Amino acid sequence: MIIEVKGLSYRYSDGTDALRGVDFRMEASESVALFGSNGSGKTTFLLHVAGLLEGEGSVRIAGEPFTRSSAPALREKVGYVFQDSDDQLFMPTVLEDVAFGPLHRGMEAREAENRALELLRQLGISELAGRAPYHLSAGEKKRAALAGVLAMQPEILIFDEPTTFLDPPGQRELAHLLLALPQAKLIATHDVWFARQVASRALFFEKGRVVADGPVDEVAARFDWRLH
Amino acid sequence: MGPLARRDARAKLAAALVFLVCVGTTPAGNYQRMAALAAVAIVWIAIARAGLFRSLFQASAILPFPLSFGLVSWWVSGDPTLAVALVVRSYLSALVVVLLMSTTTLADIFRGLQSFGAPAVLVLVLQSLTRYLQVVVDQGLRMRRASISRSGNTGRRYSLWRRAGGALAVLFGKSYGRAENVHRAMLARGFQGTFIALRPHALEWRDFALTAVAAAMSVGAAWR
Amino acid sequence: MSGRIGSVHIADGILSAPVWAALDAAAIPAIGLAARRTRVEHAPLLGVMGAFVFAAQRMNFPAGLGTSGHLLGGALLAMTLGPGAATIVLTAILVLQTLVFQDGGILALGANVFNMALIGVWAAWIPYRFLAQGKWKNFGYFAAAFLSVLASAAAAMIELRVSGVALNGAVVSISAAVFVTTAIIEGLITVAVMQTIEKMNPGWLQTPDTRPSRAMGLLAGAAVLLMAVGVLFISGAPDGLEALVAQLGLESREVAYFQAPMAEYEARIAGGDWSRKALAGLAGLGMIYILCAGVGRLLVRQRSA
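Protein chains in written order, with this note's numbering: chain D, 14 to 241; chain S, 16 to 239; chain G, 5 to 309.
Here it is, written out as structure tokens:
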């Protein structure tokens with residue numbers, strides 16, 4: 014089991030119960046889509062899997078539970094692509110941003126820079142290296158954010174609403190990109206087409222609980238979760 | 016790209032500081048010194064190929080402040096000497112800041128500040144402030160437009176204030192949420208409380224030469 | 005100054021050398037102290053909050069007679085982030101305004117930081133810390149914002165006056181009217197914003213560990229107000245400074261250099277008259293600061309021990 018979650022609950026400081034006892038298991042070979050309306054707990058769940066929020070219950074990554082001491086090392090195994098790329102691209106230039114992860118894992122500056130350049134090349138955005146994130150298009154930002162996450166060489170990739178700001182061609186390109194990545198994936202999305210492209214299994218969240226778990230089409234059909 | 020753009024930010028910062036001190040210590044009434052310093056500034060704008068008229072125009076943004084206090088001082092004391100000094104000194108100082116900024120990126124300036132001993136926290140705040148300035152300003156303007164299109168820009172002043180205050184509070188909340196996400200994104204990528212920068216670059220002899228020549232020119236101009 | 009009348013960003017070339025040098029010397033260790041008490045992981049929050057203040061300054065509140073005001077934000081930052089963090093954010097804002105928008109000078113940065121990021125913040129925080137809880141909270145928000153703006157402006161006026169900019173009663177009265185109007189607008193906007201913030205998430209406000217006390221709050225507020233008004237008055241009264249100096253028994257000629265008590269330390273250093281006096285002033289201020297920092301650290305150590 015690459016991810017194992019047991020009895021996970023979380024309440025925000027303003028009193029909202031975001032998660033109420035979630036259980037979840039996932040193999041390293043799987044990709045899982047997360048459906049559910051806004052505020053159903055998807056993002057809160059993903060933040061726990063990445064070790065960025067601490068609730069009641071347990072989250073294990075490759076068998077190891079998140080604790081205060083294990084968190085920094087475990088977080089490196091989980092790459093998190095945020096919904097708003099602006100939140101993620103916090104450095105002055107794209108190159109510095111992609112190199113941030115390797116640098117803070119203790120890599121030499123030159124080596125970190127080389128890794129960042131290599132990833133930008135793989136994702137086809139070498140020309141963005143010296144640019145300021147603010148001036149990029151939504152698709153470019155998403156790729157740059159993904160490059161920053163991949164630079165950490167994670168075993169699990171988490172995507173929170175990755176298609177939100179993308180136009181249809183951008184969504185198709187992202188789907189192709191994701192399919193080519195070997196990591197286990199958790200993808201929160203409202204888009205059944207996109208989920209079908211990149212995942213085989215889906216969860217449905219409702220009021221902080223997982224109310225369905227099964228093949229993407231089955232779960233989507235059961236909750237009438239589609240446009241057409 | 017002019018020759019100054021390639022030089023290290025620290026060299027340019029140091030040169031600019033020397034010039035500013037020379038201007039800032041020029042006594043009122045010493046027109047010779049003001050003229051000499053103005054000549055130095057213009058020479059450097061020419062060397063940097065920064066565009067003389069554009070620089071002169073940009074620097075004029077500073078003028079309302081010294082003009083208003085200069086005129087007040089003239090009116091109260093009956094002596095225009097100080098008014099002239101305020102305007103000239105302010106304008107020359109602004110001119111050099113314009114030159115500095117047109118040949119140096121903000122990111123480089125911040126890195127330079129850090130190696131001059133500015134606290135790391137302040138430099139990081141400057142970086143993220145610069146990074147999110149336009150993002151948050153755009154978000155605020157979008158919210159403002161939305162609020163006006165919903166309920167118009169009319170009504171009793173009290174309700175207008177309540178609404179505008181509420182909108183600002185919502186923007187505050189969204190900014191808070193954004194900051195939490197930025198922090199999470201940093202944690203997710205290995206940040207553990209100390210910040211590591213990418214390129215600790217070395218100064219070249221050209222950088223030292225730039226500072227030395229520029230400082231000599233400024234001090235020379237200020238020497239009576 | 006357009007658009008921010010009432011918040012005085014002093015440009016370079018206005019203040020006399022001893023004044024800007026002394027205030028730079030005062031601001032640098034103060035920022036260092038504030039930075040040491042700010043955690044690095046809060047940097048994103050402080051940066052985004054700085055961006056919020058810029059955004060807030062673009063949103064106008066109708067003030068009547070066809071004019072409008074906007075939030076300046078010093079008090080709001082102090083009340084939501086705490087005084088140390090607010091000092092850092094406001095310093096960053098001032099640096100950016102100086103470099104990018106030609107709003108304020110580089111050598112005058114110390115003066116602007118001193119006026120807005122230090123005096124402006126503490127003038128807000130001192131009354132707020134006593135009024136943060138209970139029925140008087142809204143009054144606390146208003147008083148904090150009002151005093152923050154007024155105290156900053158008063159400090160700027162006295163710096164200009166000491167630098168030799170001639171001001172008289174009429175000029176200061178007009179300026180004071182503008183400052184008070186700006187301060188009232190700032191107070192009202194701050195109350196409107198704080199009320200909603202508090203409803204959205206009370207965790208976003210700083211709750212000082214001081215026991216709430218209306219009397220102490222009023223007293224602290226009145227003290228700040230009196231000082232600000234007094235300083236404004238002195239900067240406008242003919243020979244007001246000189247009169248004050250005579251009362252204190254100091255040599256009136258020396259006060260223009262803000263270093264009268266340090267006259268004995270005046271080292272014979274090569275250079276003109278001003279540089280000798282400026283250096284003496286700097287040295288004196290440096291000593292005062294080392295003393296303050298030392299005492300401050302002792303106090304911190306005692307509290308944590």
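Note that the Cβ used here is the ideal one computed from N, Cα and C, for glycine as well.
Just so we're clear, the structure is a prediction, and the values are computed from it rather than from any experiment.
(Q) In whole angstroms, give me the CA-to-CA distance for residue 29 of chain D and residue 184 of chain S. (A) 20 Å
Q: Could you name the residues of the same chain whose beta carbon sits closer than 6 Å to that of residue 229 of chain S, not counting the 5 residues immediately before and after it, in chain order?
A: 30
**Q.** Contacts around residue 14 of chain S, its chain only, beta-carbon distance under 7 Å, and the 5 residues preceding and following it disregarded
**A.** Because chain S in this structure spans residues 16 to 239, residue 14 of chain S falls outside the shown range and cannot be described.
Q | Test item: CB-CB of residue 91 of chain D and residue 195 of chain D under 8 Å | A | no
Q | Proximal residues to residue 162 of chain S (C-beta, below 6 Å), its chain only, five neighbours per side dropped | A | 182.
Q) Under the rule that 16 or more other beta-carbon atoms within 10 Å means buried, what is residue 165 of chain G, buried or exposed? A) buried
Q. How would you write the range of the alpha helix (DSSP H) that residue 89 of chain D sits in, first residue to last?
A. 84-90
Q. Under the DSSP definition of a beta bridge, which residues are partnered with residue 188 of chain S?
A. None; residue 188 of chain S has no bridge partner.
Q: Name the two residues that bound the continuous alpha helix (DSSP H) containing residue 183 of chain G.
A: 173-204
Q | C-beta atoms of residue 50 of chain G and residue 80 of chain G nearer than 8 Å | A | Against a cut-off of 8 Å, the Cβ pair of residue 80 of chain G and residue 50 of chain G comes out as no contact.
Q: Counting only the same chain and skipping the five closest in sequence on each side, list residues whose C-beta sits under 6 Å from that of residue 23 of chain G.
A: Shown here for residue 23 of chain G: same chain residues with a beta carbon closer than 6 Å to its own, the five before and five after excluded, namely 163, 166, 167 in chain order.
Q) Where does residue 49 of chain D fall in DSSP's three states? A) coil
Q: Taking only the alpha-carbon atoms, compute the straight-line gap between residue 19 of chain G and residue 95 of chain S and give it to the nearest angstrom.
A: 16 Å
Q) How long is the line joining the alpha carbons of residue 39 of chain S and residue 104 of chain S, rounded to whole angstroms? A) Just so you know, the alpha carbons of residue 39 of chain S and residue 104 of chain S end up roughly 7 Å apart.
(Q) I need the DSSP call for residue 271 of chain G, collapsed to helix, strand or coil. (A) With a pLDDT of only 35 at residue 271 of chain G, under the threshold of 50, the placement of this residue in the model should not be trusted, and no figure is reported.
Q | Spatial neighbours of residue 54 of chain G in its chain, beta-carbon cut-off 7 Å, leaving aside the 5 residues before and after | A | Once the five neighbours on either side are set aside, the close Cβ partners of residue 54 of chain G are 93, 96, 97.
Q: Measuring only between beta-carbons, confirm whether residue 98 of chain D sits less than 8 Å from chain G.
A: no
**Q.** Proximity of residue 48 of chain D and residue 218 of chain D at Cβ, strictly below 8 Å
**A.** Yes, Cβ-Cβ distance for residue 48 of chain D and residue 218 of chain D is below 8 Å.
Q) So residue 123 of chain S is in the alpha helix (DSSP H); what residue range does that whole segment cover? A) 121-130
Q: Measuring only between beta-carbons, confirm whether residue 59 of chain G sits less than 8 Å from chain D.
A: Taking Cβ atoms only, chain D never reaches closer than 8 Å to residue 59 of chain G, which makes this a no.
Q: Leaving aside the five residues before and after residue 22 of chain D along the sequence, list all residues of the same chain whose C-beta is less than 7 Å from its C-beta, in chain order.
A: 32, 33, 34, 68, 69, 70
Q. So does the stretch 101-119 of chain D actually touch the stretch 195-205 of chain D, counting three or more Cβ pairs closer than 8 Å?
A. Using a Cβ-Cβ distance cut-off of 8 Å, the stretch 101-119 of chain D and the stretch 195-205 of chain D are not in contact, since fewer than three pairs of beta carbons, one from each stretch, lie closer than that value.
Q) Do residue 73 of chain G and residue 120 of chain G come within 8 Å of each other at the CB atom, strictly closer than that value? A) no
Q: Kindly confirm or deny that the stretch 205-214 of chain D and the stretch 38-47 of chain D touch, where touching means at least three C-beta pairs closer than 8 Å.
A: They touch, by the three-pair rule.
Q: Kindly say whether residue 54 of chain G, judged by its beta-carbon, lies nearer than 8 Å to any beta-carbon of chain D.
A: At a cut-off of 8 Å between beta-carbon atoms, residue 54 of chain G makes no contact with chain D.
(Q) Does the structure place the stretch 154-167 of chain D close enough to the stretch 127-142 of chain D that three or more beta carbon pairs sit under 8 Å? (A) Output reads yes: the stretch 154-167 of chain D touches the stretch 127-142 of chain D.
Q | CB of residue 76 of chain G within 8 Å of CB of residue 197 of chain G, strictly | A | Not closer than 8 Å, so no.
Q. Hey, is the stretch 117-130 of chain D in contact with the stretch 217-233 of chain S, meaning 3+ C-beta pairs nearer than 8 Å?
A. no
Q | Residue range of the unbroken beta strand (DSSP E) whose run includes residue 44 of chain G | A | Residue 44 of chain G -> no beta strand (DSSP E), and no H or E assigned at all.
Q: Please state whether DSSP places residue 127 of chain G in a helix, a strand or coil.
A: helix
(Q) Buried or exposed for residue 153 of chain D, going by 16 or more other Cβ atoms inside 10 Å? (A) buried
Q: Please determine, among S:42, S:180, S:24, the residue with the shortest C-alpha to C-alpha distance to residue 131 of chain S.
A: S:24
**Q.** residue 59 of chain S burial status per 10 Å Cβ neighbour count (16 or more: buried)
**A.** buried
(Q) Taking the straight line between their C-alpha atoms, what separation do you get for residue 235 of chain D and residue 201 of chain G? (A) 40 Å
(Q) Can you look up residue 155 of chain D in the DSSP assignment and give me helix, strand or coil? (A) helix
Q: For residue 186 of chain D, collect the residues of the same chain with a Cβ closer than 6 Å to its Cβ; drop the 5 residues on either side in sequence, then sort them by chain order.
A: none
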